[in-house]
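Comments concern the structure below.
Protein chains: 2
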Amino acid sequence: MTTAPSRRSARVREERFDRDIPEATIARLPVYLRALTTLSERHVGTVSSEELAAAAGVNSAKLRKDLSYLGTYGTRGVGYDVDYLRFQIAREIGLTQDWAVVIVGIGNLGHALANFSGFASRGFRIAALLDSDPDRVGEKVGGLTISALDDLDSIVVRQQVSIGVISTPASAAQEVCDRLVSAGVTSVLNFAPAVLTVPASVDVRKVDLSIELQILAYHEQRKALGDVRTSSA
Amino acid sequence: MTTAPSRRSARVREERFDRDIPEATIARLPVYLRALTTLSERHVGTVSSEELAAAAGVNSAKLRKDLSYLGTYGTRGVGYDVDYLRFQIAREIGLTQDWAVVIVGIGNLGHALANFSGFASRGFRIAALLDSDPDRVGEKVGGLTISALDDLDSIVVRQQVSIGVISTPASAAQEVCDRLVSAGVTSVLNFAPAVLTVPASVDVRKVDLSIELQILAYHEQRKALGDVRTSSA
DNA sequence: ACGATTTTGTTCTCTCGTTCACAAGCTCCT
DNA sequence: AGGAGCTTGTGAACGAGAGAACAAAATCGT
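Read top to bottom, the protein sequences are chains A and B. Mapping the first sequence onto our numbering, position 18 (from 1) lands on 18, and the numbers just tick up by one. To convert, count from 1 in the second sequence and add 1000; that's our numbering.
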């Protein structure tokens, strides 16, 4: 998204800051992290790029290149120390600190998200659940009480919320997003089937179930078409 | 994924078959489709690439290139006929036919998916909800009754299910996936945080909430780091 | 009938990401 | 001490996708 203008010169000096890691690599780091956690739980001390790549479902060359963006944490002829690498990746992603998250729109999906254990276990703390429906405010979901959407500003400020999750209907998504942004949220995870417009300083990621299904449908159709053609040929 | 070896020569002859559309384009077609549906509901008859691109949140050149893979459905100087283009995209993705889907693992997320209206509205019919927990079997969710996992084979065969959705815990995902595949499912949408191994003929797409959050966290951290550096400089 | 105007379809270039292939470097064995 | 055997880290080739830019084609007004 936003790319630093000149960094090549700074590469050598600042080992820690300012390396821009390719977006595609960032998206894979959490997968590696998960694989490493599994290995660590099995008390595996060391892992080779080949093994780790297999566990993460990627090519080993790609894994090595990905890791090389973070630093040289492996040992040639040996492999990677599981716990050490795990910590380095976690630090790189920013999981060594806690992130406060608000979830807006507590319908079916919002319920599921509120109860999702994968949040807390990775340093994401649900600061609040919000809904615009007055009837739902006060209801308890997954150990938290639903707040009114109007409390958004104070919650974001007081709890230093930087990430907002939108699980409202599409019709409400843009307005909710605007309110999140004006409250100070700078990252948005959008589950609503809507295109969101935000300032350049805000990151948006989108998860869309029906799009995923449609992509699968396309490939299904293609497989079926291929079958027809080969059987008639 | 699978690329046809020679298609340029076949382009002219077979207008309908055998064009391999880039994966990145496929992923955007559903977005265009949604934008077109909205326009159609507003009784807009014609739309330019510029307008449609804005509605879909992409660059207009990219939109035109994407559409050009499907065929030449626009009129120079005028734009695209909304309903006509909508139909063409729907046909290309395969939404002119119905797809039967099974959802395995009816926990919090499974509930949300079962109630998700976006499935039915796009030609995806939920053929069955399945769970391995005997206590849950028989329970009604979103108008459907939960079946036992053992009924998978007969359901897949009888209802011609080609798409399976996995919303089980990670520990059960691979086994469920294997059963889906052996029952005849050829596309899998995986919500479990696990890497699935499948035959090459099976497509898998993965949706992982915690990975999305971790990607956002990385960018958040980066913004925060930048602030520190600029304020101390 | 014809030029002005609009908008598509496509070519070309550039950037980003993947994969290969191998030198560099570590350990272990003799 | 030195060589054999692994495994990492990376340079280079390759491929896919994004975006700019423009020629081709349609409409509209005169």
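Glycine included, each C-beta is placed from N, C-alpha and C at the ideal position. Please read all numbers here as calculations on a predicted model, not as lab measurements.
Taking 9 Å as the threshold (beta carbon to beta carbon), is residue i in contact with chain B?
i, result
"residue 219 of chain A", "yes"
"residue 203 of chain A", "yes"
"residue 213 of chain A", "yes"
"residue 122 of chain A", "yes"
"residue 208 of chain A", "yes"
"residue 55 of chain A", "yes"
"residue 180 of chain A", "no"
"residue 87 of chain A", "no"
"residue 26 of chain A", "yes"
"residue 163 of chain A", "yes"
"residue 223 of chain A", "yes"
"residue 118 of chain A", "yes"
"residue 152 of chain A", "no"
"residue 70 of chain A", "no"
"residue 44 of chain A", "no"
"residue 189 of chain A", "yes"
"residue 113 of chain A", "yes"
"residue 109 of chain A", "yes"
"residue 39 of chain A", "no"
"residue 193 of chain A", "yes"
"residue 52 of chain A", "no"
Return the CA-CA distance between residue i and residue j, expressed in angstroms with no decimal places.
i, j, result
"residue 203 of chain A", "residue 1140 of chain B", "39 Å"
"residue 80 of chain A", "residue 45 of chain A", "8 Å"
"residue 136 of chain A", "residue 109 of chain A", "14 Å"
"residue 1224 of chain B", "residue 163 of chain A", "13 Å"
"residue 130 of chain A", "residue 165 of chain A", "10 Å"
"residue 1134 of chain B", "residue 1176 of chain B", "16 Å"
"residue 1062 of chain B", "residue 1051 of chain B", "13 Å"
"residue 1167 of chain B", "residue 196 of chain A", "27 Å"
"residue 185 of chain A", "residue 1209 of chain B", "18 Å"
"residue 1123 of chain B", "residue 217 of chain A", "10 Å"
"residue 1213 of chain B", "residue 1205 of chain B", "18 Å"
"residue 1014 of chain B", "residue 1160 of chain B", "Low confidence applies here, because residue 1014 of chain B scores a pLDDT of 40, under 50, leaving its location unreliable; read the following figure in that light. Using only the alpha carbons, I get a separation of about 29 Å."
"residue 87 of chain A", "residue 207 of chain A", "28 Å"
"residue 20 of chain A", "residue 89 of chain A", "14 Å"
"residue 1125 of chain B", "residue 47 of chain A", "44 Å"
"residue 215 of chain A", "residue 1093 of chain B", "7 Å"
"residue 1035 of chain B", "residue 23 of chain A", "27 Å"
"residue 104 of chain A", "residue 180 of chain A", "9 Å"
"residue 150 of chain A", "residue 132 of chain A", "8 Å"
"residue 1144 of chain B", "residue 1187 of chain B", "22 Å"
"residue 138 of chain A", "residue 158 of chain A", "20 Å"
"residue 1222 of chain B", "residue 1064 of chain B", "34 Å"
"residue 152 of chain A", "residue 178 of chain A", "12 Å"
"residue 1118 of chain B", "residue 1142 of chain B", "13 Å"
"residue 39 of chain A", "residue 30 of chain A", "14 Å"
"residue 37 of chain A", "residue 91 of chain A", "14 Å"
"residue 1239 of chain B", "residue 201 of chain A", "Nothing can be reported for residue 1239 of chain B: it is not among the residues displayed for chain B, which extend from 1001 to 1233."
"residue 1219 of chain B", "residue 26 of chain A", "9 Å"
Using a Cβ-Cβ distance cut-off of 9 Å, determine whether residue i contacts chain A.
i, result
"residue 1034 of chain B", "yes"
"residue 1159 of chain B", "no"
"residue 980 of chain B", "Given a span of 1001 to 1233 for chain B in the structure shown, any question on residue 980 of chain B remains unanswerable."
"residue 1197 of chain B", "yes"
"residue 1127 of chain B", "no"
"residue 1094 of chain B", "yes"
"residue 1059 of chain B", "no"
"residue 1234 of chain B", "Because chain B in this structure spans residues 1001 to 1233, residue 1234 of chain B falls outside the shown range and cannot be described."
"residue 1029 of chain B", "yes"
"residue 1143 of chain B", "no"
"residue 1101 of chain B", "yes"
"residue 1067 of chain B", "no"
"residue 1130 of chain B", "no"
"residue 1063 of chain B", "no"
"residue 1149 of chain B", "no"
Would you please state the rounded distance, in angstroms, between the beta carbons of residue i and residue j? I believe it to be under 8 Å.
i, j, result
"residue 106 of chain A", "residue 155 of chain A", "14 Å between Cβ atoms; not a contact."
"residue 68 of chain A", "residue 60 of chain A", "That pair is no contact at about 12 Å."
"residue 1127 of chain B", "residue 1102 of chain B", "5 Å"
"residue 1056 of chain B", "residue 1084 of chain B", "That belief does not hold up - the Cβ atoms of residue 1056 of chain B and residue 1084 of chain B are roughly 17 Å apart, past 8 Å."
"residue 1066 of chain B", "residue 1028 of chain B", "6 Å"
Query - the segment 1111–1124 of chain B contacting the segment 1060–1079 of chain B, beta-carbon criterion three pairs below 8 Å - result: no
Quiz prompt | Stretch pair the segment 1165–1176 of chain B + the segment 1189–1204 of chain B: three plus CB contacts closer than 8 Å | solution = yes
Exercise for the section: Count the C-beta pairs between the segment 94–112 of chain A and the segment 63–77 of chain A that are closer than 8 Å, then say yes if the count reaches three, no if not. Expected result: no
Uninterrupted alpha helix (DSSP H) stretches inside the segment 1064–1131 of chain B (no shorter than 4 residues): 1082–1093, 1108–1115, 1117–1120
| said: What ranges does the alpha helix (DSSP H) occupy inside the segment 168–222 of chain A, keeping only unbroken runs of at least 4 residues that lie completely in it? | reply: 170–183
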